[in-house]
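Numbering (our numbering), first residue to last: 146 to 538. Yeah, the Cβ is synthetic: ideal placement off N, Cα and C, and Gly gets one too. Note that the structure is a prediction, hence the values are computed from the model and not measured. The block underneath contains the structure these notes are about, expressed in structure tokens.
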Ligand SMILES: *Cc1c(COP(=O)(O)O)cnc(C)c1O
């Protein structure tokens with residue numbers, strides 16, 4: 146006999162998924178209703194309005210794609226890139242590489258702008274790429290690089306794309322809810338996010354939004370979108386309009402209850418307050434880590450408050466330490482990815498998981514395990530340093 150699965154209560158402080166609140170988990174367990182039930186259609190309208198609030202946009206084409214962040218990424222590329230289109234893709238971590246894959250699979254030409262992992266996208270390099278490729282149709286970049294913990298200047302990059310007559314595609318999977326995102330003010334043309342990072346919902350849904358200019362580009366396409374499921378012209382018939390909704394696919398109904406609840410929680414707190422909470426907890430965590438003698442991997446001005454890359458001190462067994470945190474403290478932190486594998490840990494303070502409790506818990510657990518591994522650290526100082534930050538306001 147196979148038995149029911151009861152996962153342990155972990156504290157999730159990696160690159161996502163983040164801790165999900167009992168309010169959101171409770172929403173998930175409400176009765177399933179039909180996806181064309183009038184009450185569900187009303188819920189869809191509310192989710193759309195809440196997403197417009199979160200993205201700070203009036204874009205009519207704003208909806209949750211029924212699949213994880215990677216599908217939101219793909220939805221932006223397959224709808225906006227036609228065969229032969231040149232797309233300038235910025236890469237300063239793992240996710241820019243996935244954008245390149247998407248462009249090429251759409252028959253587009255990816256012009257890569259490479260930056261060092263751990264640094265933001267260079268505006269000068271992007272300018273130079275446009276000089277060399279004035280016919281580039283799109284600029285694509287990652288706002289919050291989860292693989293490194295770096296924040297790029299989305300506002301300036303979108304303005305640059307607009308000046309060059311190109312559309313912008315922005316990855317906001319890790320930024321939405323954690324740091325400021327302002328789609329209309331910045332002139333973003335297509336943006337996608339995910340539910341399991343700073344929205345602290347369960348994984349499996351990707352909020353997306355498209356500007357009027359992007360919608361126009363989609364309508365003018367001469368080639369059919371290569372993906373039937375992600376073709377926005379078809380999805381719009383289901384999510385768009387206010388009158389009749391046509392069946393396209395069955396929405397993940399209970400996941401959408403959960404997304405609705407997490408967005409209601411974000412609205413209750415307010416965007417500015419949520420961002421301030423992320424900043425404060427980040428400063429406390431960094432103060433604690435530095436008091437312990439650990440060093441951050443990213444320069445202070447480029448750090449993401451929701452994803453903290455820490456350099457692994459010499460002599461530490463990376464995998465053994467993360468296993469010990471998981472087994473002894475039920476605490477998950479992230480490993481370094483790609484070029485940073487084995488060199489960094491990624492400590493997430495995302496959404497509901499960005500709390501004083503998690504900062505203190507992580508510092509105490511990390512200190513205990515580092516001591517167990519006989520790593521030379523300054524013990525007994527981290528919590529005091531973190532508390533000093535909390536005491537500031
Ligand atoms: C997590 C992440 C993705 C992918 O999202 P999934 O939900 O895992 O498919 C894409 N981009 C960035 C920046 C991410 O952090």
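Next item on the list: Entirely within the segment 366-448 and at least 4 residues each: give me those alpha helix (DSSP H) ranges in chain order.
Entry: Listed in chain order, they are 377-384, 398-414, 416-437.
Next item on the list: Spatial neighbours of residue 191 within its chain, please: CB distance less than 7 Å, with the 5 preceding and 5 following residues excluded, ordered by chain position.
Entry: Cβ within range, chain order: 405.
Margin query: Using only CA atoms, which one of 347, 214, 260 lies nearest to residue 168?
Written below: 347
Checklist line | Buried versus exposed, by CB contacts within 10 Å (16 or more), residue 525 | finding: exposed
Margin query: Assuming contact is defined by CB atoms lying nearer than 7 Å, are residue 223 and residue 248 in contact in what I supplied?
Written below: no
Check: What first and last residue would you give for the beta strand (DSSP E) that runs through residue 259?
Finding: 254-259
Check: By how many angstroms is the C-alpha of residue 470 removed from the C-alpha of residue 511?
Finding: So the two alpha carbons sit approximately 7 Å from each other.
Notebook entry, point to check: If you draw a straight line from the alpha carbon of residue 209 to that of residue 216, how long is it in whole angstroms?
Noted result: Near 10 Å, if we compare the C-alpha coordinates of residue 216 and residue 209.
Item checked: Cβ shell of residue 407 (< 6 Å), same chain only, five flanking positions each side left out -> 169, 344, 345, 346
Checklist line | Residues that DSSP places opposite residue 315 in a beta bridge | finding: 286, 336
Checklist line | 8 Å contact criterion, which residue 159 and residue 477 should meet: CB distance rounded | finding: 5 Å
Note to self: With a threshold of 7 Å on Cβ separation, who are the neighbours of residue 322 within its own chain once the five nearest residues in sequence on each side are excluded?
What the structure shows: 199, 343, 344, 411, 419, 496
Notebook entry, point to check: What is the DSSP secondary structure of residue 183, reduced to helix, strand or coil?
Noted result: Residue 183: helix per DSSP, three-state reduction.
Notebook entry, point to check: From which residue to which residue does the beta strand (DSSP E) around residue 355 run?
Noted result: 351-355
Margin query: Pull the bridge partners of residue 493 from the DSSP assignment, please.
Written below: 452
Item checked: Supposed contact pair residue 468 and residue 354 - C-beta distance, whole angstroms, cut 8 Å -> 39 Å between Cβ atoms; not a contact.
Check: Should the segment 297-306 be regarded as contacting the segment 319-336, the criterion being three or more beta carbon pairs within less than 8 Å?
Finding: yes
Note to self: Once DSSP output is grouped into helix, strand and coil, what is the label at residue 234?
What the structure shows: In the structure shown, residue 234 adopts extended strand secondary structure according to DSSP, grouped into three states.
Next item on the list: Please indicate yes or no: does the CB of residue 286 lie closer than 6 Å to some heavy atom of ligand 1?
Entry: no
Next item on the list: Say whether the segment 432-444 touches the segment 272-284, bearing in mind that this needs 3 or more beta-carbon pairs closer than 8 Å, one atom from each stretch.
Entry: no
Check: Quick one: is residue 337 buried, meaning 16 or more other Cβ sit within 10 Å of its Cβ, or exposed?
Finding: buried
Notebook entry, point to check: Since residue 296 contacts residue 423 with CB under 8 Å, what's their CB separation in whole angstroms?
Noted result: That pair is no contact at about 12 Å.
Check: Could you give the residue range of the beta strand (DSSP E) that holds residue 470?
Finding: Element bounds for residue 470: not the beta strand (DSSP E) but the alpha helix (DSSP H), 463-474.
Next item on the list: Let me know if residue 230 comes out buried or exposed under the rule of 16 or more other beta-carbons within 10 Å of its beta-carbon.
Entry: buried
Next item on the list: My understanding is that residue 483 touches residue 239, with C-beta atoms under 8 Å, so please give their C-beta distance in whole angstroms.
Entry: 5 Å
Note to self: Measuring only the C-alpha atoms, how far is residue 370 from residue 166?
What the structure shows: 37 Å
Notebook entry, point to check: Does the segment 280-296 come close enough to the segment 450-466 that 3 or more CB-CB pairs lie under 8 Å?
Noted result: yes
Note to self: Please list the terminal residues of the continuous beta strand (DSSP E) segment that includes residue 523.
What the structure shows: Premise fails: residue 523 is in no beta strand (DSSP E) and is neither H nor E.
Check: Which one of 234, 513, 363, 263 has the shortest CA to CA distance from residue 548?
Finding: In the structure as shown, the chain starts at 146 and stops at 538, and residue 548 therefore has no counterpart that could be examined.
Check: In three-state DSSP terms, what is residue 477?
Finding: strand
Notebook entry, point to check: If you drop the 5 nearest sequence neighbours on each side, which residues of the same chain put their C-beta closer than 7 Å to that of residue 428?
Noted result: 534
Notebook entry, point to check: For the alpha helix (DSSP H) that residue 244 lies in, which residues bound it at each end?
Noted result: 239-250
Check: Where does residue 313 land, buried or exposed, given buried means 16+ other C-beta within 10 angstroms?
Finding: buried
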